[in-house]
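The block underneath contains the structure these notes are about, expressed in structure tokens.
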Amino acid sequence: MQSRLINIHKKLLKHFGRQHWWPGETPFEIMVGAILTQNTNWGNVERAINNLKQAQALNPQKMVESKASNVECWIKPSGYFRAKTKKLKIFCGWLLKNGGVPGVGGWGLGELRRELLGIWGIGPETADSILCYALGKKSFVVDAYTVRIFNRLGLIKTKDYHEIKKIFENDLPRNLKLYQEYHALIVALGKNYCKPKPACENCPVKSLCSD
DNA sequence: ACCCAGGGTCATA
DNA sequence: TATGACCATGGG
Numbered sequence: 001m002q003s004r005l006i007n008i009h010k011k012l013l014k015h016f017g018r019q020h021w022w023p024g025e026t027p028f029e030i031m032v033g034a035i036l037t038q039n040t041n042w043g044n045v046e047r048a049i050n051n052l053k054q055a056q057a058l059n060p061q062k063m064v065e066s067k068a069s070n071v072e073c074w075i076k077p078s079g080y081f082r083a084k085t086k087k088l089k090i091f092c093g094w095l096l097k098n099g100g101v102p103g104v105g106g107w108g109l110g111e112l113r114r115e116l117l118g119i120w121g122i123g124p125e126t127a128d129s130i131l132c133y134a135l136g137k138k139s140f141v142v143d144a145y146t147v148r149i150f151n152r153l154g155l156i157k158t159k160d161y162h163e164i165k166k167i168f169e170n171d172l173p174r175n176l177k178l179y180q181e182y183h184a185l186i187v188a189l190g191k192n193y194c195k196p197k198p199a200c201e202n203c204p205v206k207s208l209c210s211d
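Numbering of the first sequence is given in UniProt numbering, commencing with residue 1 and proceeding in unit increments.
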């Protein structure tokens, strides 16, 4: 399995090139993006983040202090704007209480991951995205594309998040840039070739990933 | 007019 | 444990 996963990464890298993820300028912006992109097209998230920047609200303090109706207005393009406003406010409250980005950045991976998962609105993928891309922790991110693609390739036969995460983390070299690049490439692959319907027979993914 | 998107929570069986 | 409803905007 090990050589398969690494081999697939190599092929994807060759085909798509480096993705330079996460698209965001600061760790906090990456964290906000990780929450806003939940089940949402990235283009819509960019509009929301631009609104926050324009309002000079892209910092934890302002996020907590601002009226909910204002935050809702800024992030409206990213959808689920009421739910996500609540998530952002709760998350930023937690962040401030714990010394901001520098404060939580010093924690160990295991402890920090459990903390994040304890926050309302932060599930496994959002937590791992924050860990891996905002804080540089070696925590592999699994998403719907990963589940779909690797099941279709026949390399896994489970949809369980943590099972799949372990498969990747056990088999891949423990390398941050590899974790970051691999997940980004999986998203590139999923966006371009691996739609839910139809589940194509001659899926380009298979030839792309075959030996 | 449909399906989909870089999920997560909650209620129900 | 495992489905289903719900959250909501914008692109194809």
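Glycine is no exception: its CB is placed at the ideal position from the N, C-alpha and C atoms. Because the structure is a prediction, the values reported are computed rather than measured.
Is the CB-CB distance between residue i and residue j below 9 Å?
| i | j | result |
| --- | --- | --- |
| Y80 | N39 | yes |
| L117 | G123 | yes |
| A134 | I30 | yes |
| residue 253 | N170 | Residue 253 lies beyond the residue range present for the chain, which begins at 1 and ends at 211; the question has no answer from this structure. |
| V104 | S78 | no |
| L5 | F168 | yes |
| E111 | N98 | no |
| A57 | N70 | yes |
| I153 | L88 | Checking the displayed sequence, the identity of residue 153 turns out to be Leu instead of Ile. No, the pair does not count as a contact, with Cβ atoms beyond the cut-off. |
| V32 | I49 | yes |
| G136 | L185 | no |
| V187 | Q19 | yes |
| F16 | L189 | yes |
So what's residue i in DSSP terms, helix, strand or just coil?
| i | result |
| --- | --- |
| I119 | coil |
| F140 | coil |
| residue 213 | Nothing about residue 213 can be reported from this structure: the residues present for the chain run from 1 to 211 only. |
| D160 | coil |
| A188 | helix |
| T126 | helix |
| N44 | helix |
| R174 | coil |
| Q19 | coil |
| N39 | coil |
| C132 | helix |
| P196 | coil |
| T26 | coil |
| G33 | helix |
| I155 | What sits at residue 155 in the sequence shown is Leu, not Ile. Looking at L155 - three-state DSSP - the assignment turns out to be coil, as it is neither helix nor strand. |
Enumerate in chain order the residues of its own chain whose CB-to-CB distance from residue i is below 8 Å, with the five nearest sequence positions on each side excluded.
| i | result |
| --- | --- |
| I90 | I119, W120, G121 |
| L178 | H9, L172 |
| I164 | V142, T146, V147, F150, I156, T158 |
| C194 | Y145, R148, I149, R152, C203, V205 |
| H162 | P124 |
For residue i, which residues in the same chain have their Cβ closer than 7 Å to its Cβ, ignoring the five residues on either side in sequence?
| i | result |
| --- | --- |
| E72 | F81, R82, T85 |
| A113 | Correcting the residue type first, residue 113 is Arg in the shown sequence and not Ala. Within the same chain, R113 has close Cβ partners A127, L131, S139. |
| N192 | none |
| C92 | P60, M63, V64 |
| C209 | I8, K11, L153 |
| W74 | A48, N51, L52, A55, A57 |
Once the 5 residues before and after residue i are set aside, which same chain residues still bring their CB inside 6 Å of it?
| i | result |
| --- | --- |
| H183 | V141 |
| W22 | I30, Y133 |
| K206 | none |
| S129 | A34, V141 |
| T174 | Reading the sequence as shown, one finds Arg at residue 174 and not Thr. Contacts found: K138. |
Uninterrupted alpha helix (DSSP H) stretches inside the stretch 52-112 (no shorter than 4 residues): 60-65, 68-75, 81-97, 100-105
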